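Chains as they are written, first to last, in the working numbering: chain A, 306 to 726; chain B, 306 to 726. Heads up, the beta-carbon is just placed ideally off N, CA and C, and yes, glycines get one too. Given the structure is predicted, the values throughout are model-derived calculations rather than measurements. Please read the structure below before turning to the comments.
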C-alpha cells in the first residue's frame with residue numbers, strides 16, 4: 306500500500322518548527338509495511354492545501370495529514386476538507402462536551418475561537434483525541450481515505466496509537482494484496498555512540514531472511530531496531546525471538562530496556578524489585594536526576610527525594626561535605642562526589658544515594674578541570690561507595706543530559722554489582 | 306519571491322532521519338524575504354524526482370534541493386536534472402582534483418562509485434563545497450533556477466553560506482520587483498493558551514501596513530511574532546518599534562521576554578538585578594524547577610540549591626514541615642506549600658524560596674484533590690509569603706512542566722510586587 310504524508314502550517318514553511326511529525330509517521334507506516342512515497346508541507350493557504358490534497362490523492366492509496374486543526378483563524382484543515390468533499394464543518398458533540406468539561410475543571414476560559422477545534426467535516430469518521438481537545442477524522446477524497454490529526458506531536462501520536470494504526474491495517478489488509486507481516490523490537494541503549502553500537506552488532510543477523518537492523522539516535526540514547534518481515538506473522542515473530550538473545554548478548558549492559566521504556570523506569574523497577582530506596586545529591590545537573598526519576602509514575606515507592614547543592618555552602622549544609630575537602634580538592638572532584646553521596650545516604654536514610662558534580666560550562670573550565678568533566682558517585686547498597694569520572698564534549702545542555710542519565714546508569718550498575726556479590 | 310524546497314532520500318520517507326535541512330533552508334529564505342511555499346520530500350526514485358521538480362518549477366520562482374548527490378547508485382539528482390535539461394552528466398574537474406588530493410592524503414582508495422559525486426549536469430553553474438566532496442550546482446528548468454546541494458546538513462549549510470545566499474539575493478533583487486525588508490520581534494509568553502493570547506491581541510496591529518501577527522506554541526509557552534515588511538528597512542524597524550508598546554500593554558505580565566529568552570533566564574536577571582538569592586523546595590516536580598534554573602549559564606550567582614521532598618518524611622526532615630499540617634491538610638495543600646517555602650527560606654538563608662506540591666497523576670487523585678491540582682508558594686523577599694492554586698488538565702509530564710514554569714513565574718511576580726511596595 307502506497308501512502309503520502311501532508312503537514313500544514315505557516316510555521317513549517319518559515320522554518321520556525323522542524324517537522325518531526327512526518328518522520329514519525331513515515332517510520333510508523335514503514336513498520337506497517339505501508340510505503341510512504343511523498344511527504345509534503347505547505348502553508349496555511351486554502352488553495353495550496355487543496356492542491357496538496359488533490360496531488361496526494363492522485364498518487365497514493367491513503368493520505369495522512371497533520372496540522373491546521375487548532376483554534377485560530379489560520380487553522381483551515383476542517384474547512385478545506387469539508388469543501389473538497391462537499392460537506393459543511395459541524396461541531397463534534399462528544400469532543401465539545403469533553404472540551405467544556407476540561408475547561409470547567411481548570412483555570413482556563415472558553416473564548417469563541419476555542420470552539421473551532423472541535424469541528425469536523427460533516428459525515429467524517431471521527432477519531433477521539435486521547436491527549437488533547439481537537440479530534441482527528443477521516444474523509445474520502447477521490448476514493449482515497451484522508452486521515453487528519455492535529456499538528457501537536459503528542460496528540461498526533463495518541464490518535465495514531467488509539468485509532469489510525471488499526472485503521473491503516475484494516476485498509477492494508479482489505480486491499481487484497483499479500484502484505485508482509487512485520488515483527489520488530491526496539492532495544493534502548495545508553496552509554497555508547499551509534500558507530501560503537503553498530504560495530505558491536507556487526508553481522509549479528511547472520512543472514513536471517515527478511516531481517517534488517519536500523520539505528521536511531523535519541524540523544525543521549527541510541528535505539529536499535531530489529532525488523533523481520535514474513536508473510537506468516539508467527540514465522541516473523543519466531544525469527545525475531547531467535548535473534549533476540551544474540552542481540553542482547555552483543556549489547557550487554559548498554560541495553561537497559563525495550564520499546565518505550567526509559568532508563569529511569571528501568572532503574573525504578575530494579576530498586577522496587579530489591580525493596581531499596583534511592584536519594585539524589587546534585588550539583589551541576591541541578592535537579593535533573595530527580596526530575597528524570599519522578600517523571601515515572603509511582604516513583605514515590607523507591608524515591609523519597611534529594612538535595613540540589615549548586616553552591617559549596619549547600620553541599621556543606623545539606624550533605625555535610627567537609628570544608629577541608631572543598632578546599633583541598635574543589636567541588637568537582639572524586640572526594641567531593643563521594644562525600645556528597647555518602648552524606649545524602651546517611652542523612653536521608655535511603656539505601657542508595659547518587660551524586661553528580663561537574664563543570665557544565667560554557668565558563669568555569671580550566672586546564673585541570675575542563676568543561677565537560679563530571680564526577681559521579683554511588684553510596685550503597687551496603688557500605689560500598691563507587692565513583693566514576695567522565696569528560697564529555699558538547700554544549701552545556703548535552704553535558705548535563707549525559708551526566709543525569711549516567712547517574713541513573715551508574716546506580717543500575719551498582720545494584721547489579723551488589724546482587725552478584 | 307516565491308521558493309520551494311525539495312529533499313530527496315529513501316531514508317527520509319522511511320522516517321529514519323528527521324529532515325532538518327528543509328526547516329533550516331526555510332528559515333534562511335524567510336530572513337531573505339523569500340517566501341517558501343512548499344517543502345516536498347520524495348524517495349530516490351527518478352520518476353518521482355522528475356515529478357517533484359516539474360511541480361515545483363511550475364509554482365515557484367526558485368527551487369532549492371538537497372540530497373541525492375552522493376557516491377552511491379541511488380544518488381540520482383545529477384542524472385535526473387541532466388536529463389530534464391537535455392544535457393549529459395559531466396565530471397567537474399576542479400572538484401575531481403580536490404577529491405584526488407583528499408584521497409591521496411588519506412588511507413582511502415578511489416573506487417569507480419567515488420567519482421559519481423563530482424559530476425554535475427553539463428552546462429550547470431557549479432558551487433564549490435567548502436565542507437565536503439560533492440559540489441553544489443544550479444540549472445534552469447522551465448525558466449526557473451534550480452539549486453542543488455548534498456543532503457549532509459554541514460555541507461548544505463557551507464554551500465549556502467558560501468554561494469547560495471548571495472545568489473538568492475541576486476535573483477531576488479534582479480527580479481525587478483521591489484522586495485521588502487523585514488523587521489520582526491518574538492514575544493515570549495507564559496501563563497495563557499494560544500486562543501486566550503490571540504483574543505488579548507485582537508486588532509492590536511490596527512491595520513498597520515505590512516504588519517502581521519503569528520503564534521507558535523512552544524509548550525508550556527506561547528510565542529507571539531510581530532512581523533513588519535517594508536522596502537525601506539528603517540521604516541520597517543520604526544513601525545515595529547511603534548507597535549511594540551501596544552503589544553506589550555496587551556500582553557501585560559504574560560510576556561516575560563523576547564527572542565531566544567527563557568523564563569528561567571528572565572527570573573535570573575530579575576534576581577541578579579535586585580541582588581537576591583533563590584532556593585527551591587519541590588515535591589511533584591521532583592527537581593525540574595532546579596533543572597530549569599541551572600540550565601542558565603551563570604545561575605550560581607543567584608541560585609544556591611534546593612530540596613527535593615518527594616515523600617512526606619523528606620518534607621519534615623529537609624524543610625521542617627510540621628507533622629500536624631501533613632495530618633490535617635495533607636501534602637498537597639496551601640498550608641504545606643507555605644511551610645515548605647518558609648522552611649526552605651529559613652534553612653538555606655536564601656532571600657526567596659519557592660515551593661511546589663501537587664498531584665501529577667496519573668494516579669493519586671481524589672474528588673477533593675484531583676490530578677492536576679498544584680499548590681505553589683513563595684516566601685520572601687522580606688516577610689511576605691504568597692501562595693497560589695492551579696488545576697491543570699493534561700498528562701503527568703504536562704502538569705509537571707506547567708507547575709515548574711508557574712513556580713518561576715510566581716517568583717517573578719513576587720519580585721515585582723515587592724518592588725512596587
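| query | result |
| --- | --- |
| What residues of chain B sit near residue 468 of chain A, judged by a beta carbon separation below 9 Å? | Residues of chain B passing the Cβ test: none, with the nearest at roughly 18 Å. |
| The alpha helix (DSSP H) that contains residue 403 of chain A, what's its start and end? | 398–410 |
| Residue 341 of chain A and residue 331 of chain A - do their beta-carbons sit closer together than 7 Å? | yes |
| Per DSSP, what kind of secondary structure is residue 645 of chain B in: helix, strand or coil? | helix |
| Could you name the residues of the same chain whose beta carbon sits closer than 6 Å to that of residue 643 of chain A, not counting the 5 residues immediately before and after it, in chain order? | 682, 690 and 692 |
| On the three-state DSSP scale, how would you describe residue 430 of chain B? | strand |
| Given residue 499 of chain A, which residues of its chain have a CB within under 7 Å of its CB, disregarding the five upstream and five downstream residues? | 520, 522 and 527 |
| Leaving aside the five residues before and after residue 437 of chain B along the sequence, list all residues of the same chain whose C-beta is less than 8 Å from its C-beta, in chain order. | 455, 457, 459, 460 and 463 |
| How is residue 444 of chain B classed by DSSP in three states: helix, strand or coil? | strand |
| Could one say the Cβ of residue 370 of chain B lies closer than 7 Å to chain A's Cβ atoms, at least one of them? | no |
| Taking Cβ positions only, does residue 507 of chain B come closer than 7 Å to chain A? | no |
| Excluding five sequence neighbours on each side, which residues of the same chain lie with their C-beta closer than 6 Å to the C-beta of residue 665 of chain B? | 589, 701, 704 and 705 |
| From residue 401 of chain A to residue 465 of chain A, what distance separates their C-alpha atoms? | 21 Å |
| If the cut is a Cβ gap below 8 Å, which residues of chain A does residue 322 of chain B touch? | 328 |
| Based on Cα-Cα distance, which residue from B:315, B:360 and B:320 lies nearest to residue 381 of chain B? | B:315 |
| Pull the bridge partners of residue 678 of chain A from the DSSP assignment, please. | A:696 |
| With which residues is residue 587 of chain B paired in a DSSP beta bridge? | B:613 and B:661 |
| Which residue from A:372, A:450, A:421 and A:350 puts its Cα closest to that of residue 390 of chain A? | A:450 |
| By the three-class DSSP mapping on this structure, what secondary structure does residue 266 of chain A have? | There is no way to answer for residue 266 of chain A, as the model of chain A reaches only from 306 to 726. |
| Does the stretch 408–423 of chain A come within contact of the stretch 358–372 of chain A, defined as at least 3 CB pairs closer than 8 Å? | no |
| Tell me which residue opens and which closes the alpha helix (DSSP H) that residue 569 of chain A is part of. | 568–579 |
| Taking 7 Å as the CB-CB cut-off, is residue 454 of chain A touching chain B? | no |
| What does the alpha-carbon distance come out to for the pair residue 577 of chain B and residue 718 of chain B? | 15 Å |
| Which residue comes first and which comes last in the alpha helix (DSSP H) that contains residue 595 of chain B? | 593–599 |
| Which residues does DSSP list as the beta-bridge partners of residue 452 of chain A? | A:369 and A:443 |
| Using the Cα positions of residue 707 of chain A and residue 477 of chain A, report the straight-line distance between them to the nearest angstrom. | 41 Å |
| Spell out whether any CB of chain A is found under 7 Å from the CB atom of residue 503 of chain B. | yes |
| Residues of the stretch 585–598 of chain A with a CB closer than 9 Å to any CB of chain B: list them in chain order, please. | 585, 587, 588, 589, 590, 591, 592, 593, 594, 595, 596, 597 and 598 |
| Count the C-beta pairs between the stretch 502–521 of chain A and the stretch 561–581 of chain A that are closer than 8 Å, then say yes if the count reaches three, no if not. | no |
| Provide the residue(s) that pair with residue 359 of chain A in DSSP beta bridges, ordered along the chain. | For residue 359 of chain A, which the question treats as bridged, DSSP gives no partner whatsoever. |
| Quick one, are the C-beta atoms of residue 385 of chain B and residue 351 of chain B less than 7 Å apart? | yes |
| Can you list the residues of chain B that residue 416 of chain A reaches, using a CB-CB cut of under 7 Å? | 500, 501 and 504 |
| So that I know if they touch, is there some Cβ in chain B lying closer than 7 Å to that of residue 331 of chain A? | yes |
| Note down, one range per segment and in chain order, each alpha helix (DSSP H) of at least 4 residues found wholly within the stretch 469–535 of chain A. | 470–479 and 499–505 |
| In whole angstroms, what is the alpha-carbon distance linking residue 434 of chain B and residue 422 of chain B? | 11 Å |
| On the DSSP bridge assignment, give the partners of residue 258 of chain B in chain order. | As shown, chain B starts at 306 and ends at 726. That puts residue 258 of chain B outside it, with no answer to give. |
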